[in-house]
Structures are given as structure tokens and as C-alpha cells.
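So for the sequence shown, full-length UniProt numbering puts the first residue at 1; every next one is plus one.
Where a beta carbon is used, it is the ideal one built from N, C-alpha and C, also for glycine.
Given the structure is predicted, the values throughout are model-derived calculations rather than measurements.
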Amino acid sequence: MSHRNSPLSPTGWLRLARCVVEDGWPLRRAADRFNVSVTTAKRWADRYRDHGPAGMVDRSSRPRSCPHRTSRVVGLRVSRRWGPARIGFHLGMNVSTVHRILTRYQCVRLSWTDPATGAPVRARRREARRYERDAAGDLIHVDIKKLGRIPDGGGHRVHSRAKGTRNSSAHRDASRPAPCMAVPTWDTPTCTTPSMITPGTPIRRSWLMRERKPRPHSWRGHWLTSPRSVLPRHG
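What follows is the structure in C-alpha cells.
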């Protein structure tokens, strides 16, 4: 459908183009006859030569690129730390378009940034450091958790300050078995004994971690329970 300032409809443009291309009218005569400029008459005549009657439909006037809007999207993300939905509503843009712009400029997710400063606090997936091993025994994870602090029948008021046992579990990174056993202490020699780790597995490297107190806002699963988890760098 033609815009409101267009002097002709698509049928009028087709008649103008046929007069120039098929009937051989000069551009000046066709422009005067249909009350348009010579430039407009030439544009529709060339489009008819290239695309035929199918090219007489108005094309979208939407710009291919909006550099000024791109800078505003990135500026709002950096200065106010808004998400794609809020930026799109503020600028009148599609949410998917805003998301593509942020991805193109490598803007990290808001959940991966510091709420106060906006600085990235978590690495992207492409930069994540994997510690997964292929062969059994390349890396043994040893997880220790203190349990049994309150014995049956009461606490320290009844049984004095008795120490509880420690439950230790060893995870083999390749096949992911998880044997568990109770040990009296949680020092390194006791927790890395071959009897606790899967028998018959050559140990090349061990990873010992002590969990002192569970936190309500900690990760859903422990670092050692997922083969695709990412651990911080260690020396």
C-alpha cells in the first residue's frame, strides 16, 4: 500500500512504467502526464525493467542500520545496567534486536556482573576453565562434611563435648562413582588413604575440599557433583 503522500497507487506506477518501457515515452512526457518528477519516473521505469510488475510494490522505508540507536542501547546497558526488555521498551525497539546488539558488543549478562559497580564477576561460557578428565584416576575429588555433632539422647549437656564423626566421599572424575565412609578426623592423610578411594584405581592427582558450613544461598549442587562444573583457579 502506498504512503499517504504518494501521488499514485501501485497501479499508477505500473501504468507510468509501461508508458516509458513498452510505449517508448520520454521520461519528461511521462512525468508531466502522471504529475511526478523525472527522477521518480526514471526510478519506477528502471524497477519495471529489472523486476517486472512484481517490482511495482512499495518497499519498506525502514533503515537497514541505526548507529545512533546502537550507541544508546550500549549506553543504557553500561550506565543504568538495564536488561533487553527494559531497554527495548524505553527506546521503542524489539527485545530480540536489543539482545542481538548486546551480544554483538559482547556485553555480559547482568547476573554475571557486580550490582554495585557493573564489573564482570563471572567468566563467560567460552572462557570457562574445564577440569574434566578422561581416564580413571587422573583426578580424584575428596569431599568432607562434618556430621553427627548432636548424638542420640541429647547434646553436650548430657554427653559432654564429644566429637562427632566426619563423612567423607571420593568422586572419580571419569566415571563419577561416589563411595562414602565415616572417618574419625578430617586431616589430609586420613582422607586420602587408598582404602577410601575406589580400590584398583591408579591415583595420579587428588583434590581435597572441606565444607565447613552449608550456606542457604550456595550453589544448588556442590562443585564436585557435576562433571561440567567450573572451579576457580588454584595454584
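Buried versus exposed, by CB contacts within 10 Å (16 or more), residue i
i	result
A135	exposed
V57	exposed
A31	buried
R104	exposed
P115	exposed
V78	exposed
A45	buried
A119	exposed
Reduced DSSP secondary structure (H/G/I, E/B, other) of residue i
i	result
P7	coil
P67	helix
A97	Checking the sequence, you will find Thr at residue 97 rather than Ala. T97 falls in the helix class under three-state DSSP.
P115	coil
P26	coil
Best match in the options for proximity to residue i [C-alpha to C-alpha]
i	options	result
G55	R15, R72, F89 and R100	R15
V73	V95, R59 and P63	V95
S65	L110, H90, F34 and I101	I101
residue 317	G12, S79 and L91	Lying before the first or after the last residue shown, residue 317 is absent from the chain, which here runs from 1 to 235.
A41	P53, W25 and H99	W25
S9	T113, L27, V36 and V20	V36
P84	V98, T39 and V38	V98
Residue i versus residue j - alpha carbon distance
i	j	result
P67	D50	31 Å
Y48	E22	10 Å
G88	R62	17 Å
L76	R59	32 Å
V108	T117	14 Å
C19	R28	12 Å
W112	R69	25 Å
G52	A17	9 Å
S71	R80	14 Å
R43	Q106	41 Å
G92	V38	37 Å
H90	T185	59 Å
W82	P7	44 Å
D187	R86	52 Å
is_contact[residue i, chain C] using C-beta, thresh 7 Å
i	result
I87	This model lacks chain C altogether, as it is built from one protein chain only.
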